[in-house]
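Report on the structure given below.
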Amino acid sequence: MTDKVKEEQATPKKKEDAVCIGLDCGTMHLVCARSDTSEFKITRNVFLPVDKDNVQLTELSEISYVESGDGDLFIIGSDAFKYANIFGHEVSRPMEKGLISPKEISAIDVLTLMIKDLIGDVKEKETYCSYSIPAEAIDEGRSITYHENVFARILSNLGINYTAVNEAMAIIYSECAAEKFSGIGISFGAGMANVAVSYKGVEALKFSTARAGDWIDFNAAQSLGMIPNRVTSIKEKYMKFSGSVEVKNKNTKRVLEALYYYHKALIEYTVKKVIEEFNKKVNIEVDEPLPIIISGGTSMPEGFTELFKTVISGQELPFDVSEIRRAKNPLTAVANGLLIRTMSDVKGMK
Amino acid sequence: MVILKIKEKGYYVTIPGITPFRTPAEVDITSIGLAVVVSTLHSNGIDKFEIVSDIPGKRSTFTQDDFSIARKKEKKDEKYEHLTGQLDELKELVSKLLERNVNEKREQIIERIIERRSDSPIVEEIEDMFIPEINFSGGKIKSKTESISKKEDIFDNVDLLSKLKGGGSRK
Numbered sequence: 007m008t009d010k011v012k013e014e015q016a017t018p019k020k021k022e023d024a025v026c027i028g029l030d031c032g033t034m035h036l037v038c039a040r041s042d043t044s045e046f047k048i049t050r051n052v053f054l055p056v057d058k059d060n061v062q063l064t065e066l067s068e069i070s071y072v073e074s075g076d077g078d079l080f081i082i083g084s085d086a087f088k089y090a091n092i093f094g095h096e097v098s099r100p101m102e103k104g105l106i107s108p109k110e111i112s113a114i115d116v117l118t119l120m121i122k123d124l125i126g127d128v129k130e131k132e133t134y135c136s137y138s139i140p141a142e143a144i145d146e147g148r149s150i151t152y153h154e155n156v157f158a159r160i161l162s163n164l165g166i167n168y169t170a171v172n173e174a175m176a177i178i179y180s181e182c183a184a185e186k187f188s189g190i191g192i193s194f195g196a197g198m199a200n201v202a203v204s205y206k207g208v209e210a211l212k213f214s215t216a217r218a219g220d221w222i223d224f225n226a227a228q229s230l231g232m233i234p235n236r237v238t239s240i241k242e243k244y245m246k247f248s249g250s251v252e253v254k255n256k257n258t259k260r261v262l263e264a265l266y267y268y269h270k271a272l273i274e275y276t277v278k279k280v281i282e283e284f285n286k287k288v289n290i291e292v293d294e295p296l297p298i299i300i301s302g303g304t305s306m307p308e309g310f311t312e313l314f315k316t317v318i319s320g321q322e323l324p325f326d327v328s329e330i331r332r333a334k335n336p337l338t339a340v341a342n343g344l345l346i347r348t349m350s351d352v353k354g355m356k
Numbered sequence: 024m025v026i027l028k029i030k031e032k033g034y035y036v037t038i039p040g041i042t043p044f045r046t047p048a049e050v051d052i053t054s055i056g057l058a059v060v061v062s063t064l065h066s067n068g069i070d071k072f073e074i075v076s077d078i079p080g081k082r083s084t085f086t087q088d089d090f091s092i093a094r095k096k097e098k099k100d101e102k103y104e105h106l107t108g109q110l111d112e113l114k115e116l117v118s119k120l121l122e123r124n125v126n127e128k129r130e131q132i133i134e135r136i137i138e139r140r141s142d143s144p145i146v147e148e149i150e151d152m153f154i155p156e157i158n159f160s161g162g163k164i165k166s167k168t169e170s171i172s173k174k175e176d177i178f179d180n181v182d183l184l185s186k187l188k189g190g191g192s193r194k
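Protein sequence lines, in the order shown, are assigned to chains A and E. The first sequence maps to residues 7 to 356 in our numbering. The second sequence maps to residues 24 to 194 in our numbering.
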């Protein structure tokens, strides 16, 4: 149902008063943008189950947690990550490789509460939401149907009218207004790399690969005999591809070295797939150079875009590139684009 | 004597017990059972014939209508009936919509049909059977989400996208 509108109509209210939402359902982060607030709300899409017998709720006064209807306790968000690192555990993740994780089906309840909390109060308001979905992966057989419908169900239960929108197209909506929404959006997320080619707002190609940030962390961790959490933590703290890296610890340097190799391999793989898919599936004649927009959490380290430019310069592309640039904020670009899409749709309803 | 009369031309008929013959013809079938004659005629695709008898005390003339094969009682297939019923309903709905709104866009008509069909209580019942309920009130959450301020004005992007898309896709 990509971009196919599937909505639930609530009681008709004035569209002028409608609340518009962009909800980026990422493997690592959930990001929400609302038309009636001036900020993005972000939470890490991870949790850590805690044995209730060993913890008093008063001990949790400073951390984020969820207590399910069945009485189970979960530390959520960044706190889950911190505690997992301290205790050497792996965090549980509701999503894996861009989709609802088959290993954590019971986590849907936790995910639901996290989304409810992130979106905030929408009671008595006509609310419209575009939520992000990945494209079908070309290198893995998993379908997005279950994932798409679970999120639809969560939003529907909250009384929100919803539309699923491709994640990479959301980047185009956010970043390519100057080019009249023509461009190539690449979202290097945690679970997947999503690519969309848009020509004047019309989707010409979309696909995803199952290689992204988690693939980097997993392989770096495997290479060095570490747990992926620890690698992720080092990556987020020290990784950059330009300037000097101020790390003295030799082991940390080894991790950064491995991370560099896998980042480069990821970019090479993605660029190769973009070329292959473009040659195979794009039939329209694109007569103007297209900008490439790099976004997603994995593209956050300083110098990532420069590394991308270096890798792509060695390839023969089937299209002309006007510019390669990073999204203004790679962490919020998808939510921003989704909000633009929702507001545009609601505007068209008036 | 019992005579079989076939007026239609062009058949070559083989009835067990008598010499094969071509039609039109009148042949003596006194020695052959009527059932054999009639079933042979039917199997040869001959459905217009007459059998005349001069045996005293018996009916003298029979036609094909007297030997029409009894049709088996058709079993009522409930699923089939349900489907055809739905199809009829749909046909009626489409024709009503077309009659009422000749100028209405095709998409709008289809949308309305889908809307009407999706009201079907059967679908709801099936969904409720296996989709686990999401209970928001049962759980508690205490969270501190990070906030990033929106730096730019997005209204220009919204306007441009609306123009390009020629109106929204939501109702």
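Backbone N, C-alpha and C fix where the C-beta goes; we use that ideal spot for every residue, glycine too. All of these numbers come straight from a predicted model, not from anything done at the bench.
- [ ] Quick one: which residues of the region 210-239 of chain A get their C-beta closer than 9 angstroms to a C-beta of chain C? List them in chain order.
- [x] Although the question refers to chain C, the structure presented lacks it and instead comprises the protein chains A and E.
TODO: In angstroms with no decimal places, state the Cα-to-Cα distance between A:T348 and A:I178.
DONE: 14 angstroms
TODO: Using three-state DSSP, classify A:D293 as helix, strand or coil.
DONE: coil
- [ ] Following the continuous beta strand (DSSP E) through A:H35, name the residue where it begins and the one where it ends.
- [x] H35 to R40
Open item on the list: Please report the distance separating the alpha-carbon of E:Y35 from that of E:I69.
Closed with: 10 angstroms
Open item on the list: So, at 6 angstroms on beta carbons, what are the nonlocal neighbours of A:T301 in its own chain, with the 5 sequence-adjacent residues on each side left out?
Closed with: Reading off the sequence shown, one finds Ser at residue 301 of chain A, where the question assumed Thr. If we look at A:S301 and ignore the five residues flanking it on each side, its Cβ neighbours are I177, S193, A333, P336 and A339.
Open item on the list: Applying the 10 Å Cβ sphere with the 16-neighbour rule, what's the burial state of A:E173?
Closed with: buried
- [ ] Consult DSSP for E:E31 and reduce its assignment to one of helix, strand or coil.
- [x] coil
Task: Interface residues of chain E facing A:A158 [CB-CB closer than 8 angstroms] - done: Near A:A158 there are no residues of chain E at all, since even the closest Cβ is about 11 angstroms away, more than 8 angstroms.
Open item on the list: So with CB distances below 7 angstroms, who are the chain E contacts of A:A183?
Closed with: D179, N180 and L183
- [ ] Note the first and the last residue of the continuous alpha helix (DSSP H) segment covering A:I160.
- [x] T151 to N163
- [ ] Give me whichever residues DSSP pairs with A:M349 in a beta bridge.
- [x] Looking at the DSSP assignment, A:M349 forms no beta bridge with any residue, so it has no partner.
Task: Buried/exposed call for A:H269, threshold 16 Cβ in 10 Å - done: buried
Open item on the list: Is A:L345 close to chain E? Criterion is C-beta to C-beta, closer than 8 angstroms.
Closed with: yes
- [ ] Please confirm if the region 123-131 of chain A is in contact with the region 34-44 of chain A, defined as three or more CB-CB distances below 8 angstroms between the two stretches.
- [x] yes
Task: Contact set between A:S350 and chain E, taken where Cβ atoms lie within less than 7 angstroms - done: V181, L184, S185, K188 and G191
Task: Under 8 angstroms by beta carbon: chain E residues contacting A:D123 - done: I164, S166 and T168
Task: Reference E:K163; option with closest CA among A:S107, A:E181, A:I82 and A:R148 - done: A:I82
Task: Stretch pair the region 208-228 of chain A + the region 142-153 of chain A: three plus CB contacts closer than 8 angstroms - done: yes
Task: Separation of E:S185 from A:A184, as counted between CA atoms - done: 15 angstroms
Task: Endpoints, alpha helix (DSSP H) assigned at E:P47 - done: That residue, E:P47, is in no alpha helix (DSSP H); it is neither H nor E in DSSP.
Task: A:M355 to A:D23 span [Cα, whole Å] - done: 13 angstroms
Task: Three-state class that DSSP yields for A:I81 in the structure shown - done: strand
TODO: Evaluate E:L113 with the Cβ neighbour count: other Cβ atoms within 10 Å of its Cβ, from every protein chain shown; 16 or more gives buried, anything less gives exposed.
DONE: exposed
Open item on the list: Considering only DSSP beta bridges, list what E:T84 is partnered with.
Closed with: E:V75
Open item on the list: Check whether chain A comes within 8 angstroms of E:E148, counting only Cβ atoms and requiring the distance to be less than that.
Closed with: Below a pLDDT of 50, predicted positions are generally treated as unreliable, and E:E148, at 48, falls in that range; the measurement from the model is reported next regardless. Not closer than 8 angstroms to any Cβ of chain A, the Cβ of E:E148 fails to qualify, so no.
Task: Whole-angstrom distance between E:E31 and E:D142, CA atom to CA atom - done: Confidence in E:D142 is poor, its pLDDT being 49 and thus under 50, which makes the residue's placement too unreliable to answer from.
- [ ] Report all residues from its chain with a CB closer than 6 angstroms to the CB of A:L29; omit the five preceding and five following residues, and keep chain order.
- [x] C38, C135 and Y137
Task: Collapsed DSSP secondary structure at A:D76 in the structure displayed - done: coil
Task: Under 8 angstroms by beta carbon: chain A residues contacting E:S118 - done: In chain order: nothing, as chain A lies at least about 26 angstroms away.
Open item on the list: Helix, strand or coil, according to DSSP, for A:F358 in the structure here?
Closed with: This structure gives no information on residue 358 of chain A, because the portion of chain A shown stretches from 7 to 356.
- [ ] Please state if the CB of A:G195 and the CB of A:G343 are separated by a distance shorter than 8 angstroms.
- [x] no
TODO: Could you tell me whether any Cβ in chain E is nearer than 8 angstroms to the Cβ of A:I48?
DONE: yes
Open item on the list: With distance defined between alpha-carbon atoms, name the residue in E:D88, E:P43 and E:V25 nearest to E:P79.
Closed with: E:V25
Task: Beta-ladder partner(s) of A:E209, from DSSP - done: A:S204
Task: Start-to-end residues for the beta strand (DSSP E) that takes in A:E170 - done: Correcting the residue identity first, residue 170 of chain A is Ala in this sequence and not Glu. Taken as a continuous stretch (DSSP letters only), the beta strand (DSSP E) holding A:A170 covers N167 to N172.
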